[in-house]
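Let me begin by presenting the structure, written as structure tokens, before commenting on it.
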Amino acid sequence: MSRYLRANPLACDTCEGIGRWWMGIGPMVSLDALEEALDWMVAHRLLERLPAADGRVRYRRASLDRSTDDTLRQLAENGDPGRLH
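To convert a position in the sequence shown, counted from 1, into our numbering, add 5.
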């Protein structure tokens with residue numbers, strides 16, 4: 006996920022969309038595990054939640070600054086939360 010965010014810094018999607026389009030999640034990773042990773046990234050200010058008019062929550066990169074990019078790079082190298090890359 007961190008690699009995708011670095012390559013596509015303006016990306017924004019729901020948990021399901023992130024799993025399908027950003028990560029191509031197969032049956033090995035559950036949406037619960039993905040939500041846990043998203044929550045971790047929100048708590049560490051790498052992502053932000055955007056409630057939409059349709060009631061669904063979308064996620065996007067919290068900042069385009071170099072510090073965030075460096076952190077995302079480190080996650081890509083060392084493994085995203087929950088081992089989601």
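We treat Cβ as the ideally placed atom computed from N, Cα and C, and that holds for glycine.
- A81 places its beta carbon less than 7 Å from that of S7.
- Taking the CA atoms as reference points, L52 sits about 4 Å from A67.
- For V62, the enclosing beta strand (DSSP E) covers residues 62-66.
- The shortest C-alpha to C-alpha distance from L39 to any of A12, G24, A48, T73 is the one to G24.
- Non-local beta-carbon contacts of L55 in its own chain, meaning distances under 6 Å to residues more than five positions away in sequence, involve R63 in chain order.
- An exposed status is given to L69, since fewer than 16 other beta-carbon atoms sit within 10 Å of its beta-carbon.
- Apart from sequence neighbours up to five positions away, the residues of its chain that approach C20 with a beta-carbon distance below 8 Å are L36, L39, E40, L43, V62, Y64, ordered along the chain.
- The C-alpha of A57 is placed about 28 Å away from the C-alpha of R71.
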